[in-house]
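Following: one structure in C-alpha cells, then a few remarks.
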Amino acid sequence: MKHAFPDNFLWGGAIAANQVEGAYLTDGKGLSTSDLQPYGIFGDIVPRVDGDSYVKDVAIDFYHRYPQDIALFAEMGFKCLRISIAWTRIFPQGDEEQPNEAGLAFYDRLFDEMAKYNITPLVTLSHYEMPYGLVKNYGGWGNRKTIGFFEHYARTVFQRYQHKVKLWLTFNEINMSLHAPFTGVGLERESSKSEIYQAIHHQLVASAKAVAALHQIIPDGRIGNMLLGGLMYPLTCKPADVLETLQQNREWLFFGDVQVRGYYPSYMGRYFKQHGISLDITAEDKLALKETVDFISFSYYMSGCVTTDEELNHQARGNILSMVQNPHLASSEWGWQIDPDGLRILLNELWDRYQKPLFIVENGLGAKDKPDANGNIEDDYRIDYLNDHLVQVSEAIEDGVEVMGYTSWGPIDLVSASKAELSKRYGFIYVDRDDSGHGTLERRRKKSFYWYRDVIQSNGATLKR
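What the sequence shown shows, in this note's numbering, is residues 870 to 1334, in sequence order.
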C-alpha cells in the first residue's frame, strides 16, 4: 500500500540562532544565556571577559554565510526552514524600550533570502537562550516582569515581519526547563522545584500572551508551542511500572496540556501538593492562559523506559535524561536509542490527546561523519535513520493524524546544544570545522543531501518501506 504525504506537506530543516549564527556580539547584539554556556546546556556557566573565545561565538558563521546556506537548502527543495531569532539581537539587555535596528534588519535580509526560493519560514521566538541582562538584573523567568519584556519582544517582531512570516513558535522544548533550568528559565541549577515551576508558570503565561498578540497582529498567521517529545514506555507490564510511566509522561505533557487546553490539568494539583509547591497564579494569569496555540510542534530523537526497580534506575543516572535503556533498541554513538516506531506512537498519542495539527520540527541523527579519501561523506546510517522515521510519519498520517510538516534537525552541521560539539554532526551539509574551532568553514554535500532532495521531490515516494 502506498502512503502519500499531503500535497502541502512542509518538508525542510531546523536550526537555532545560538548554534549556527556566530557573530555573537556583532551589530549590537547583547550577551545571552547561551553565550554564558560555551560548553553546552549541561556545562558550567562561564562569565565572559574581553578577548575570550569559544566555538559558539563563530559557530558555522551562518550570520555572514546565510545566502550560500539558503541556496543549498533550496537545492534540496526545502519548502520550510525553521529558524530562531536571537532575542538579544533585537533587545540586547532584554528590557529596552526601543529595539536594535541592526538586529531587526538582519532577519529582514534572511527572510528575503528565503522568499527568493519560496521557502516558508517557521520562526521560534526563544530557542534555548534569553538576554543575560534579564537574568542578572531581574532573576530571569523567576520574575513576573519578564512576561512583559517577552511580550514586548514578541509584539515587536510580529509587527516587523508580519508580511514575511506566518508560522511561529513560542519557546523551544519548553519542558527542558525541568532538566536545564538556566537554559530554560534563567535560574541556577540548584533552584528548588517551587522556584522552577513558578518560573515555568511565568513562561507559560508569556507564551499565551504571545499567542494572543500573534492573533491580533497577524490574523492570517499561526502560532504553535514546542515540546521535547519525551515518550516513555514501561520497562515491564508490572502495574507499578505502568503507573510510574504515566506519571513521567505527564511531567512533559503538562506543558502541552496548558498551552493547548488553556488551563492547568487536575493531575498537577496532586503533584504540587506532594512536592510542597505553591504557585502564585493570578486571576489575570488564568485568563491569559485561555489563549491557546493553533498547532503543536515537537522534537523527537528517542524514547526511554521507566521502571520502579531502584538498581536499574541507579545504573541509568549516567545518561542525559537518566533514562533506562530499552533492550529491544539499538543506540547511536551518543547512546540515544533509535526508535522509529516511537514517532508513530507519539504522533498518535498527541493527536488523540489534543486533536490539533502536529508539526515534527526536530528529528535527526548525530554522528561523527568523516570524509573518505575522495572527500565524500557516505552517511548511509543517517539515511537509514531518517528513512525509517519518515516511513513511520507516513504510517501516522495513514492512521488519520494531521501532520503539517517535518523539519529535520540540523540540515547543516552545527554546534550541538548538549555539549557544544561540532563533531556531533546532524547535517546533510558538512561544515569543515572541529570542536576546537579549527577549519575552513567550507560547506560540502553529504550522500544524505541527495537522498533528502529526492524524498522531497517525490513527496516521500522514494522512501524505502
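Using N, Cα and C, we set each Cβ at its ideal position, and we do this for glycine too.
Beta-bridge partners of residue 1174 (DSSP): 1102 and 1193. Within the same chain, Cβ atoms closer than 7 Å to the Cβ of residue 1098 are found at 1167, 1168, 1169 and 1215, the five residues on either side in sequence being excluded.
Closest option to residue 1150, judged by alpha-carbon separation, among 1129, 1072, 1181 and 917: 1072. If you ignore the 5 residues before and after residue 1237, its C-beta comes within less than 8 Å of the C-beta of 1202, 1292, 1293 and 1294, all in its own chain and listed in chain order. Under the Cβ criterion (8 Å, minimum of three pairs), the region 899 to 908 does not count as touching the region 927 to 941. Per DSSP, reduced to three states, the secondary structure at residue 1207 is coil, with no helix or strand assignment. For the options 991, 1290, 1089 and 1106, the alpha carbon positioned closest to that of residue 1274 is the one of 991. The DSSP-derived three-state label of residue 935 is helix. DSSP places residue 992 in the strand class (E or B) of the three-state scheme.
For residue 1016, the enclosing alpha helix (DSSP H) begins and ends at 1014 to 1030. For the region 922 to 982, the continuous alpha helix (DSSP H) assignments of 4+ residues that do not extend past its boundaries occur at 924 to 927, 931 to 945 and 956 to 959, in sequence order.
Assignment of residue 1157 by DSSP, reduced to helix, strand and coil, places it in the helix class.
Each residue's CA atom was taken as its position, placing residue 1254 and residue 1302 some 24 Å apart. The Cβ atoms of residue 1278 and residue 1231 lie closer than 8 Å to each other.
Counting the other Cβ atoms within 10 Å of the Cβ of residue 1249 gives fewer than 16, which makes it exposed.
With a threshold of 16 other beta carbon atoms within 10 Å, residue 1309 falls short and is exposed. Counting other Cβ atoms within 10 Å of its Cβ, residue 1106 stays below 16 and is therefore classed as exposed. Around residue 1205, the same chain offers 1170 and 1171 as residues with beta carbons nearer than 6 Å, after the five sequence neighbours per side are excluded.
Rounded to the nearest angstrom, the gap between the Cα atoms of residue 1033 and residue 980 is 7 Å. In this structure the region 940 to 956 does not lie against the region 907 to 921, because fewer than three pairs of beta carbons, one per stretch, are closer than 8 Å. One Cα belongs to residue 930, the other to residue 1044, and the distance between them is close to 29 Å.
Remark: fewer than three beta-carbon pairs, one from each stretch, lie closer than 8 Å, so the region 1153 to 1162 and the region 1207 to 1222 are not flagged as touching. According to the DSSP assignment, residue 1130 belongs to the alpha helix (DSSP H) that extends over 1108 to 1130.
If you check the CB distance, residue 1315 and residue 1296 come in under 8 Å. DSSP, reduced to helix, strand and coil, places residue 1168 within a strand of the structure shown. For residue 1295, the secondary structure class from DSSP, reduced to helix, strand or coil, is coil. Residue 1234 carries a coil assignment under DSSP once its states are collapsed to helix, strand and coil. For residue 1150, the three-state secondary structure derived from DSSP is coil. Within the same chain, and ignoring the five residues on either side of residue 1290 in sequence, the residues whose Cβ sits closer than 6 Å to its Cβ are 1304.
Within the region 1238 to 1300, the complete alpha helix (DSSP H) runs of at least 4 residues fall at 1249 to 1268. Close CB contacts of residue 923 within its chain, under the 6 Å cut and outside five residues either way in sequence, are with 907 (chain order). Under the three-pair Cβ rule at 8 Å, the region 1079 to 1091 counts as touching the region 1012 to 1027. Per DSSP, reduced to three states, the secondary structure at residue 1139 is helical. Distance from the CA atom of residue 1074 to the CA atom of residue 1054, rounded to whole angstroms, is 13 Å. Taking 8 Å as the cut-off, the beta carbon of residue 1298 is found no closer than this to the beta carbon of residue 1325.
For the options 1114, 1184 and 1196, the alpha carbon positioned closest to that of residue 1175 is the one of 1114.
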